[in-house]
RNA sequence: GUGGGCGUAGCUCAGCUGGUCAGAGCGCCGGGAUGUGGCCCCGGAGGCCGCGGGUUCGAACCCCGUCGCUCACCCCA
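Residue numbers (our numbering): 135 to 580.
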């Protein structure tokens, strides 16, 4: 640190992801794309920012996010824009703009921005892995969507989490229910916590989600939305539950589950880790949003999706000791004690042969270069010294007990291929582990 | 927006009630022993103790302010 000025830091609530954590991220995102691709989802990319109106109308004016957490700004043309605080509204906007064939099943892994106070597991920029399926109201799709998230978590080794499920009804049954709930709460407003007591009129549903003893006590025998679903919503929900049973997905019916976005209808769900010892243990959530397209000013179309938090998922993995950090991994490290020119040639030759290779710079001592080679995780070192004759190089296995041998420069590629074949054919330990996992899953599935 | 905790080398932290208090381990760099790495041994670099002000003969240690980090409420991934 300079005494003249403090170096810049990442902005509050944001963070850098360095190796080896960065490799773990990469691996997690690959697992996710693999997983959803196998269920027919296609990748989609929408802009990092949208017209703020897209979020205001979609998420809801009175929601916390739109009210005080959006990164919104006016651009040089005077347009009011906002950094994406969630993934669903932009995808629905894109659907309305392009009208692709339905059902439109898409996935994304993208950063979200919300100006909140950071804390454990909560950031101003976080990344979500999500899917959206637009154009079908089939309860089978609801079940598939829930299963997709549940099975993803399990595929990366998580077991200690609960899936909560609820139905939010629709425009036919929810308004009537809300009135009934409001009436119930008004009679008991004195007993609610101060915060929700004051919000009975504006948003009575939130009281159901409150964690204070008072609110839990009061709402324990409050009318339940699932008891007031209209026939369509009730039938839909029953089918969803049946299909989940068919799929072997276990869940807890949580009649208090109320999600923070206005656009949700019918099926809603959340995943909470039981292993995370912090307040923010929600690792994913989603639901159906059959009115969102209309809220955005388009023709009606139904849809359902979810978002899973990358950071929180990895925190849960840490807590469950799942999805371990990768080992450092390299095929070949070239140690050149003769000045470095030969290293330049050899490392390129190895790379051109589709093996990974690195080297030291700055003409360091043999000892220093060997230490770097060891640290690099390389399986093999190619050593060049003055003691060898013109066309020779030493091939030294670093991770097996095998002894080193002197080989001709011309023989480097075939010799390396042979050497690496014995220890895994240029495929690092992490990749091998992944393939074994994949094989195990296939066996399980059949 | 509200409240609690904390800010000492790259990292994790010691520094008793203010007077060699600027330290340790790890990491990093150099060297030794090894044919050439890992283990071991020796040595070294790197911090004006977040920043500013105050109290005092004297402050990393006390007080005030400020910035930052962190945890929690709210809400969410």
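Positions of the beta carbon are idealized from the N, C-alpha and C atoms, including for glycine. These figures come from a predicted structure and were not determined experimentally.
- Message: Please state the DSSP three-state secondary structure of residue 171.
- Response: helix
- Quick one: Cα of residue 285 to Cα of residue 387, how far? 18 Å
- Query: What separation, rounded to the nearest whole angstrom, lies between the Cα atoms of residue 242 and residue 406?
  - Reply: 21 Å
- DSSP-derived helix/strand/coil call for residue 338: coil
- Task: Sort 281, 526, 147 and 455 by Cα distance to residue 384 and report the nearest one.
- Result: 281
- Task: Tell me where the alpha helix (DSSP H) around residue 153 begins and ends.
- Result: Looking at the DSSP string, residue 153 is not in any alpha helix (DSSP H), and its letter there is neither H nor E.
- Alpha carbon to alpha carbon, how far is residue 465 from residue 258? 38 Å
- Query: Taking the alpha-carbon positions, what's the residue 421 to residue 262 distance?
  - Reply: 15 Å
- Proximity to residue 486 [Cα-Cα], best of 459, 176, 512 and 551: 551
- Task: Would you check if the distance between the CB atom of residue 483 and the CB atom of residue 527 is smaller than 8 Å?
- Result: no
- Query: With respect to the alpha helix (DSSP H) encompassing residue 380, which residues constitute its N-terminal and C-terminal limits?
  - Reply: 365-381
- Item | Inter-residue spacing [alpha-carbon to alpha-carbon] between residue 372 and residue 308 | 17 Å
- Task: Would you give the residue range spanned by the alpha helix (DSSP H) that residue 331 belongs to?
- Result: 328-331
- Would you decide whether residue 222 is buried or exposed? Buried here means 16 or more other CB atoms lie within 10 Å of its CB. buried
- Could you please give the first and the last residue of the uninterrupted alpha helix (DSSP H) stretch that includes residue 479? 475-486
- What is the rounded straight-line gap between the Cα of residue 455 and the Cα of residue 244? 25 Å
- Unbroken stretches of the beta strand (DSSP E), 3 residues or longer, contained in the stretch 430-469: 437-443
- Three-state class that DSSP yields for residue 178 in the structure shown: coil
- Item | Those runs of the beta strand (DSSP E) which lie wholly inside the stretch 211-268 and span at least 3 residues | 214-217, 238-247 and 259-268
- Query: In three-state terms, what does DSSP make of residue 422?
  - Reply: strand
- Task: Tell me whether residue 442 is buried or exposed, calling it buried when 16 or more other Cβ atoms sit within 10 Å of its Cβ.
- Result: buried
- Item | Neighbourhood of residue 389 by C-beta, 7 Å cutoff - its chain only, sequence neighbours within 5 removed | 300, 358, 359 and 360
- In this structure, what does DSSP give as the bridge partners for residue 405? 297 and 418
- Message: Just list the residues that DSSP pairs residue 531 with in beta bridges.
- Response: 514
- Do you know offhand how far residue 471's Cα is from residue 152's? 31 Å
- Since residue 289 is in the alpha helix (DSSP H), which residue starts that stretch and which ends it? 273-289
- In terms of DSSP beta bridges, what is residue 542 paired with? 526
- Query: Who are the near neighbours of residue 312 in its chain, counting only those whose CB is closer than 8 Å to its CB and skipping five residues on each side?
  - Reply: 338 and 339
- residue 197 to residue 395, Cα distance in whole Å? 7 Å
- Task: Would you mind stating whether residue 303 and residue 400 have Cβ atoms separated by less than 8 Å?
- Result: yes
- Item | Helix, strand or coil at residue 163 according to DSSP, with G and I counted as helix | helix
- Message: Going by C-alpha to C-alpha distance, which of 177, 256 and 163 sits closest to residue 410?
- Response: 256
- Item | Given residue 444 as reference, the closest of 436, 473 and 417 once Cα atoms are compared | 417
- Item | For residue 177 and residue 522, the rounded distance between their alpha carbons | 53 Å
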